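S.K.: Protein chains in written order, with the numbering used here: chain A, 391 to 653; chain B, 391 to 653. Glycine included, every Cβ here is placed at the ideal spot set by N, Cα and C. Nothing here was measured: the structure is a model prediction, and the numbers come from that model.
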DNA sequence: GAGTGGTCTAGACCACTGT
DNA sequence: CAGTGGTCTAGACCACTCC
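(1) Between 613(B), 588(B), 650(B), 563(B), which lies nearest to residue 630(B) when the distance is taken from Cα to Cα?
(2) What residues in the segment 596 to 614 of chain A bring their beta carbon closer than 9 Å to a beta carbon of chain B?
(3) Within this structure, are the beta carbons of residue 577(B) and residue 475(B) separated by less than 7 Å?
(4) Hey, would you say residue 506(B) sits closer than 7 Å to residue 467(B), going by beta carbons?
(5) Is there a Cβ of chain A sitting closer than 7 Å to that of residue 397(B), yes or no?
(6) Which residue from 483(B), 399(B), 477(B) puts its Cα closest to that of residue 670(B)?
(7) For residue 616(A), is the classification buried or exposed, using 16 other Cβ atoms within 10 angstroms of its Cβ as the cut-off for buried?
(8) Note down, one range per segment and in chain order, each alpha helix (DSSP H) of at least 4 residues found wholly within the segment 531 to 604 of chain A.
(9) Between which two residues does the alpha helix (DSSP H) harbouring residue 395(A) extend?
(10) Alpha carbon to alpha carbon, what distance is there between residue 438(B) and residue 395(B)?
(11) Around the C-beta of residue 514(B), are 16 or more other C-beta atoms found within 10 angstroms, so that it is buried, or is it exposed?
(12) Which residue from 442(A), 393(A), 457(A) puts its Cα closest to that of residue 419(A)?
(13) Rounded to a whole number of angstroms, what is the C-alpha to C-alpha distance between residue 347(A) and residue 634(A)?
(14) If you run the structure through DSSP and keep just helix, strand and coil, what is residue 478(B)?
(15) Please specify which runs of the beta strand (DSSP E), each continuous and at least 3 residues long, are wholly inside the segment 485 to 521 of chain B, giving them in chain order.
(16) Put residue 710(A) into one of helix, strand or coil per three-state DSSP.
(17) Comparing the CB of residue 410(B) with every heavy atom of the ligand FMN, is any distance shorter than 6 Å?
(18) Pull up the distance between the alpha-carbon of residue 393(B) and that of residue 433(A), whole angstroms please.
(19) Closest to residue 652(B) by C-alpha separation, out of 652(A), 479(A), 407(A), would be which residue?
(20) Does the beta-carbon of residue 639(B) have 16 or more other beta-carbons within 10 angstroms, so that it is buried, or is it exposed?
(21) Applying the 10 Å Cβ sphere with the 16-neighbour rule, what's the burial state of residue 620(B)?
(22) Could you pull out every residue in the same chain whose Cβ sits closer than 8 Å to the Cβ of residue 647(A), ignoring the five residues on either side in sequence?
(23) Residues of chain A with a CB under 7 Å from the CB of residue 393(B): which are they?
(24) Is the segment 493 to 506 of chain B in contact with the segment 526 to 533 of chain B, if contact means three or more CB pairs nearer than 8 Å?
(25) Compare the C-alpha of residue 452(B) against each of 488(B), 572(B), 417(B) and name the closest.
(26) Could you list the residues in the segment 449 to 468 of chain B with a C-beta less than 7 Å from some C-beta on chain A, going in chain order?
(27) Determine, for residue 472(B), whether the minimum Cβ-Cβ distance to residues of chain A falls below 7 Å.
(28) Return the residues of the segment 495 to 516 of chain B that lie within a Cβ-Cβ distance of less than 7 Å from chain A, sorted by chain order.
(29) Hey, out of 510(B), 533(B), 499(B), whose CA is closest to residue 540(B)'s CA?
(30) Do you know whose CA, among 463(A), 559(A), 441(A), 428(A), lies nearest residue 544(A)'s CA?
(31) Please classify residue 595(B) as buried or exposed, where buried requires at least 16 neighbouring CB atoms within 10 angstroms.
(32) If you measure beta-carbon to beta-carbon, which residues of the segment 528 to 552 of chain A are closer than 9 Å to chain B?
(33) For residue 550(B) versus residue 534(B), is the C-beta spacing smaller than 7 Å?
(34) Answer with buried or exposed for residue 568(A), where buried requires no fewer than 16 other C-beta atoms within 10 angstroms of its C-beta.
(35) Tell me which residue opens and which closes the beta strand (DSSP E) that residue 610(B) is part of.
(36) Determine whether the beta carbon atoms of residue 510(B) and residue 542(B) lie at a separation below 7 Å.
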C-alpha cells in the first residue's frame with residue numbers, strides 16, 4: 391500500500407540528508423533517468439520531486455535540472471535594534487553613517503549590504519488609517535526599501551514604510567528618496583522633526599507568498615513568507631510610522647527579548 | 391501562451407474571492423465536471439486546484455470533494471504575557487487558577503480552551519545542552535503541552551518545554567504531570583523553587599511542516615508552521631527553561647512590544 | 001542541437017465517503 | 001452502491017539552458 395512517490399521521495403531525501411551521494415548544489419539525475427532507475431513513469435518521479443521541493447530540499451531549474459538546495463545565509467533581526475537605533479539617533483552624522491541597524495543585527499559591514507529606496511505619495515486605505523488613527527484618504531509617504539547581500543542576487547527583505555505626509559512635511563528632505571540611505575535610519579529622520587519614540591509594536595505572521603513575492607525574494611517551492619508589521623509610537627502615544635516587512639520564511643530568524651520587572 | 395492551469399486557477403480564485411458563487415465551506419464542482427466545463431483534462435484541473443490549495447484557498451477532502459476553506463479563528467500571542475505571568479506568580483492560588491496566560495492573550499475564558507500535558511524524562515542533546523549551558527546528556531524534564539479551542543478539533547499549538555531535572559527536583563510536584571495545569575504557569579512553578587526570571591528571549595522562524603505536524607495541527611496544503619523558541623533566563627543569568635512551540639502559520643499572529651528608554 | 005524540465009492528454013485503477 | 005478525489009501510466013509537444 392506504500393505510495394510510490396513517497397517511497398521515491400523518502401529514498402532521495404535519505405541520499406540528500408546523508409550528504410554523501412548528493413551534496414548541496416549537486417544536480418540530481420534527470421527525471422527520465424530517475425524514472426528508469428525506480429521503474430516508475432516520469433510524472434510519478436515528478437510528484438516525488440514535488441514533495442522534496444515543498445520541503446525546501448531541492449530546487450527545480452527549468453532546462454537545467456533539479457538541484458540540491460544550497461543552504462542560504464540566515465537573516466537575523468532582533469528587537470534590540472530599536473533601542474540601539476534610538477541611542478544613535480542623536481549621535482553625530484559621521485557616527486550614524488558608519489553603520490546601520492541591519493548591519494548591527496547581522497554583524498556585517500555596510501559594504502556587504504546593498505540597499506535601495508523608492509518614495510511615493512499615496513493615501514491611507516482603511517487599514518492604515520485605522521492604525522494611524524487618521525481619516526481614510528489622508529496623504530501618506532510610502533517608502534519601499536529592498537536590502538540584499540552583495541554576494542546574493544535576491545533581496546532578503548522588502549519593506550514598505552508609511553509616514554503621514556503632513557507630519558514629516560516640515561523637513562522636505564524626508565520626502566526625497568535621494569537622501570537615502572539616511573544615516574541612522576527612521577528614528578534619526580524622526581528626530582529631525584523633534585519626534586521621540588516611546589515603544590515599537592511588532593506583529594509577525596506567516597503565509598504563502600504571492601507570485602510577485604516569489605520572484606522578488608527568489609523563493610522556491612512551498613516556502614512561506616513571514617510578514618512583520620512594525621508600528622512606531624511616539625512619547626505622546628501617536629502612531630508615527632507603520633512598516634510592513636516581507637521576509638523569506640526559510641532563512642529568517644527573528645529574536646525578541648522581553649525584560650521583566652523585578653519582584 | 392498563457393498556461394491553462396493558471397488561467398483556470400485565476401478563474402476559480404476570482405469566483406472564491408468574490409464570494410458570490412463560492413462561499414466558505416462550499417463544495418466546488420467535481421474535478422470531472424470542471425474538466426468538462428473548462429475543456430481540459432482532469433490532471434490539468436487538478437494542477438489548477440493544487441495552486442489554490444497551496445494558497446490556502448481550498449481544501450481537498452478525499453472522497454468528498456474540494457471545498458472553499460473556512461476562515462479559522464486567529465491565534466494571538468503577545469510578549470506582554472510574560473510580565474503579566476510574572477506578576478501573577480506570587481498571587482494566591484485562587485487568583486492564579488482563575489485564568490491563564492493564553493486566556494489573557496486570546497481574551498477567552500478558561501472553559502473555552504482545552505489543554506493537555508505529558509511529562510517525561512530525557513537527556514539534553516547537543517542543541518539543548520548548548521542553550522542551557524550544561525553537559526550533553528544532562529537529565530531534563532520534557533513537558534509536551536497541547537492547547538485547542540473547545541469548538542475546534544485540532545490544537546492550535548504544540549509546545550515542548552524543557553527544564554533541567556536536578557534544578558526542579560527539590561519540588562517533586564514539578565515532575566508530576568498530574569499537577570497540570572499548574573495555576574499561574576511555568577513562572578509560578580519556578581517560583582516554588584525560589585527562581586525569579588529576569589528576561590525571556592524568543593526566536594521566531596517559519597518552515598514547511600513535517601508530516602506529523604500537518605496531521606497534529608490540522609494543516610492543509612502548503613501552509614507553513616511558525617516555530618517559536620522561548621528561552622527563560624533567571625536573575626542570575628542562568629537559562630532555566632527552554633520551550634519550543636509549533637504554531638500553524640496561517641492562523642497565528644505574534645505581537646512583541648519593545649519599550650524604549652527616554653532620551 | 002542535445003538535453004533538460006514544463007505542460008498537457010486520455011485514459012486506468014484504487015481508496016475514501018456517504019447513502 | 002455511486003460519486004468523489006488519489007495514484008499512476010505512456011506518451012506528445014513546448015520552453016529553457018548550455019554547448
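M.R.: Quick look at the numbers:
(1) 588(B)
(2) Among the residues of the segment 596 to 614 of chain A, those with a Cβ less than 9 Å away from any Cβ of chain B are 596, 597, 598, 600, 611, 612, 613, 614, in the order of the chain.
(3) yes
(4) no
(5) no
(6) The structure shown does not extend to residue 670(B), since chain B is modelled only from 391 to 653, so the question has no answer here.
(7) buried
(8) 555 to 558, 575 to 581
(9) 394 to 408
(10) 5 Å
(11) It counts as buried.
(12) 457(A)
(13) The structure shown has nothing for residue 347(A), since chain A only spans 391 to 653.
(14) Of the three classes helix, strand and coil, the one that applies to residue 478(B) here is helix, per DSSP.
(15) You should have 503 to 513.
(16) With chain A running from 391 to 653 in the structure shown, residue 710(A) is simply not present.
(17) Judged by which ligands are present, the structure shown has none, so any question about the ligand FMN falls away.
(18) Approximately 18 Å, taken between the alpha carbons.
(19) 479(A)
(20) buried
(21) buried
(22) 468, 469, 470
(23) Ordered by position in chain A, no residue passes the 7 Å Cβ test against residue 393(B), which lies about 12 Å from the chain.
(24) At 8 Å Cβ cutoff, the stretches do not touch.
(25) 417(B)
(26) none
(27) yes
(28) none
(29) 499(B)
(30) 463(A)
(31) buried
(32) none
(33) Result yes, Cβ atoms of residue 550(B) and residue 534(B) sit closer than 7 Å.
(34) exposed
(35) Careful: residue 610(B) lies outside any beta strand (DSSP E) and carries neither H nor E.
(36) no
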